[in-house]
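Right, one structure below, let's go through it.
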Amino acid sequence: MKKQVSLHYEFLKGLWEIHPIFKQALGLCPTLAVTVSAINGLAMGLATTFVLIFSSVIISSIRKIVPNQVRIATFILIISTFVTIVDLVMKAKFPELSKALGPFIPLIVVNCLILGRAEAFASKNKIFRSFLDALGNGTGFLLALVVLGSIRELLGTRCIFGFQILPDGFSTWMVMILPAGAFLTLGLLLGFANAYTKWKKEKSEKEILITN
Amino acid sequence: MKKILQIILVLTFTASISGFVLSSVNKWARPFIEENRIRAISQAIFLVQSEGKKYEKLNIGELDAYKVFDENNNSIGFAVVHQGNGFQGPIKLIFGINEELNRIKSIEILEQVETPGLGTLITEDDFKNRFKNLNAQSIIKIVKGKKPSNDYEVQAITGATISSKAVVEIINDAIAKLKKHNGIEK
Amino acid sequence: MDLIIIFIGAALINNFVLSYFLGICPFIGVSSKISSAISMGLAVIFVMTITSIVSWLINHLILIPYHLEFLTIPSFILVIASLVQFVEMVIKKVSSAIYRALGIFLPLITTNCAILGLALFAQMRDYSLIESIIFALGAGSGFTLALVIMAGIREELELANVPEPFQGAPITLIVAGLLALTFMGFAGII
Chain A
1 MKKQVSLHYE FLKGLWEIHP IFKQALGLCP TLAVTVSAIN GLAMGLATTF
51 VLIFSSVIIS SIRKIVPNQV RIATFILIIS TFVTIVDLVM KAKFPELSKA
101 LGPFIPLIVV NCLILGRAEA FASKNKIFRS FLDALGNGTG FLLALVVLGS
151 IRELLGTRCI FGFQILPDGF STWMVMILPA GAFLTLGLLL GFANAYTKWK
201 KEKSEKEILI TN
Chain B
1 MKKILQIILV LTFTASISGF VLSSVNKWAR PFIEENRIRA ISQAIFLVQS
51 EGKKYEKLNI GELDAYKVFD ENNNSIGFAV VHQGNGFQGP IKLIFGINEE
101 LNRIKSIEIL EQVETPGLGT LITEDDFKNR FKNLNAQSII KIVKGKKPSN
151 DYEVQAITGA TISSKAVVEI INDAIAKLKK HNGIEK
Chain C
1 MDLIIIFIGA ALINNFVLSY FLGICPFIGV SSKISSAISM GLAVIFVMTI
51 TSIVSWLINH LILIPYHLEF LTIPSFILVI ASLVQFVEMV IKKVSSAIYR
101 ALGIFLPLIT TNCAILGLAL FAQMRDYSLI ESIIFALGAG SGFTLALVIM
151 AGIREELELA NVPEPFQGAP ITLIVAGLLA LTFMGFAGII
């Protein structure tokens, strides 16, 4: 009987401990592609979180009756249904955003994050916990997308969410809007995230040594 | 045997529910998507034919062309949507042209994936304005590095010659097709 | 002539990995050794080509005639999943060494956004059957090229003094960024 983890933790862990991008390195394709601006990052984050939550909840509720051999096929079927729903709703109600995000909305279906969480968690846990897990991972993902999008938008066009922040005198870093900028920014952010994790670990290890 | 039955049942059940849900959402979404498409086209048409109040789609197979009318139902020319290969990918544009098909009124770039900062400048007013009142009697030409000396010439964007040329070629191609349809000799 | 442009466009100018960000997961996961990069690349080219044919058939024989475009995503992804399963069985029979080298990344080709992306792009751009096949060959080759170059660089990086936090994914992404900048130079070919 495994130890029951607090419900708070199921949610919070997605925000940093097992952060989809910074710790699990999942969902990198859309992360790089849509973060040319903060609003695109936000929209993609919301769409992905929606699919993640609904898929996880459904998959968790049928986890006991799905035979092992068709596990992946069934999960993919469920995930692609919700992705299509998001795609259709966006095309109907948010046409400009839909155009801006382009093919990456349908590509949510192959976002390793969703299938990954389904495999690793939703298929083995109760509904409410799966919901929290999905909410946490989705929120973590969304925050990272908004941060990345803001950095690239700020340095590439002087604006964040369309509001000009930097003065006109600031020479824009065109590379930030290009694919190269995406790779570089994410690579640097990932490196710093790792460095921070390492620093914290060493700090707490030192404290343990001292108190002994 | 029971296992196989279970597998088939689960898959069929999931696929059916999925299909049902999707076709319902699709039914709901269809009218909105169509509305958006029409709104986008109307906006684009009236952008390149500023006195236009009504339009009518023409039945030309290979071309997306519209006859435009003003508030008194007089024909003020055409609006044509056409696309072709740009530098990095396809460019889709719309342009307004007069009834006699010899003067461009205005152009708008609808879709492009050109190089940011260079090719994307084709969407700026500076470039689009070069097409206002352009003589389209015969083929429109691109000139590089100097101001146009004839009223059928357009100056290319410095550093984005291919993108600029692509725009001109798309327009030339569309006009040729429209003239052919209307039986006008080039 | 158009076909050549489609091929070079997909392979170099709009390289699937470096311009469209498709196929990043395997790009980071499998690019540490040149040999596994080549194997993965070939598997991807194969899956992409067959996928382009099958998805074109589905699109033109079922989806469009019966106005079922909204079933594109589920049908495409199920086709890809089955194809990958099939390729996995074939590789296992033909060479267990390659099978072991590719490990978890073989089934992961299913979630390789590059394959689904390819099918969706071909549908969006309304390519003919021949154009779709050439597009797939170009995209797959470009993917393989990026993967192999990356593997070559990473093999060298093994000997370099990369700071610990940056080892693995971060430095790979930074190198990919520089590679992407380089590939932008191809934009002048056509």
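Chains as they are written, first to last, in the numbering used here: chain A, 1 to 212; chain B, 1 to 186; chain C, 1 to 190. Glycine included, each C-beta is placed from N, C-alpha and C at the ideal position.
DSSP places D125 of chain B in the helix class (H, G or I) of the three-state scheme. Cβ neighbours of H82 of chain B within its own chain (closer than 6 Å, five residues either side excluded): I170, A174. Within chain C, not a single residue places a beta-carbon under 8 Å from that of L132 of chain A; the smallest gap is close to 24 Å.
Residue burial annotation: N59 of chain B is exposed, with fewer than 16 other C-beta atoms found within 10 angstroms of its C-beta. Of the residues B:S18, B:L5, B:I157, the one whose Cα lies closest to the Cα of V83 of chain A is B:S18. Inclusion of E114 of chain B and A160 of chain B in the CB contact set at 9 Å is warranted, their separation being smaller than that value. Around the beta carbon of M150 of chain C, a 10 Å sphere encloses 16 or more other beta carbons of the protein chains shown; the residue is thus reported as buried. Between I94 of chain B and N133 of chain B, the CB-CB gap reaches or exceeds 9 Å. For Y55 of chain B, the enclosing beta strand (DSSP E) starts and ends at 54–57. From the beta-carbon of F32 of chain B, the residues of chain A found nearer than 7 Å are A92, K93.
Under the DSSP assignment, D64 of chain B falls outside any alpha helix (DSSP H), being part of the beta strand (DSSP E) whose first and last residues are 64–69. Here D126 of chain C is exposed. Its C-beta has fewer than 16 other C-beta atoms within 10 Å. Per DSSP, the continuous beta strand (DSSP E) segment holding H82 of chain B begins and ends at 75–85. Here the C-alpha atom of V94 of chain C lies approximately 15 Å from the C-alpha atom of V84 of chain C.
By the neighbour-count criterion, in which 16 or more other beta carbons inside 10 Å mark a residue as buried, R117 of chain A falls on the buried side. For Q164 of chain A, the beta-bridge partners assigned by DSSP are A:C159.
When DSSP states are grouped into helix, strand and coil, F27 of chain C belongs to the helix group. Taking 9 Å as the cut-off, the beta carbon of F32 of chain B is found no closer than this to the beta carbon of G52 of chain B. Considering only C:P163, C:S55, C:I174, the residue with the shortest C-alpha distance to Y196 of chain A is C:P163.
In the structure shown, V36 of chain A adopts coil according to DSSP, grouped into three states. At a cut-off of 4 residues, the continuous stretches assigned as alpha helix (DSSP H) that sit fully inside the segment 160–185 of chain C are 169–183. Inclusion of A180 of chain C and L63 of chain C in the CB contact set at 9 Å is not warranted, their separation being larger than that value. In the DSSP annotation of this structure, the continuous segment of the alpha helix (DSSP H) that includes G152 of chain C starts and ends at 129–157. Closest in alpha carbon position to Y99 of chain C, among C:L118, C:S75, C:A169, C:S35, is C:S35. Contact note: L22 of chain B reaches chain C through F70, L71, using a C-beta cutoff of 7 Å and chain order.
Annotated three-state conformation of Q112 of chain B is coil, per DSSP.
Using beta-carbon distances, A160 of chain B does not count as an interface residue toward chain A, since no partner is under 9 Å.
Residues of the segment 87–101 of chain B whose Cβ lies closer than 9 Å to any Cβ of chain C, in chain order: F87, Q88, G89, P90. Flagged as an interface residue toward chain C: L186 of chain A, by a C-beta distance shorter than 9 Å. Residue-level contact by beta carbon holds for I65 of chain A and chain B, with a gap shorter than 9 Å.
If one requires a minimum length of 4 residues, the alpha helix (DSSP H) runs lying completely within the segment 74–103 of chain C are 96–102, in chain order. With respect to the C-alpha of I24 of chain C, the residue from C:G185, C:E155, C:V175, C:F186 having the closest C-alpha is C:V175.
In the DSSP secondary-structure assignment, P90 of chain B is bridged to B:N85. About 26 Å separates the CB atoms of P170 of chain C and L166 of chain A; that is not less than 8 Å, and the two are not in contact.
Under the rule that a run must span 3 or more residues, no beta strand (DSSP E) segment is found entirely inside the segment 72–149 of chain A.
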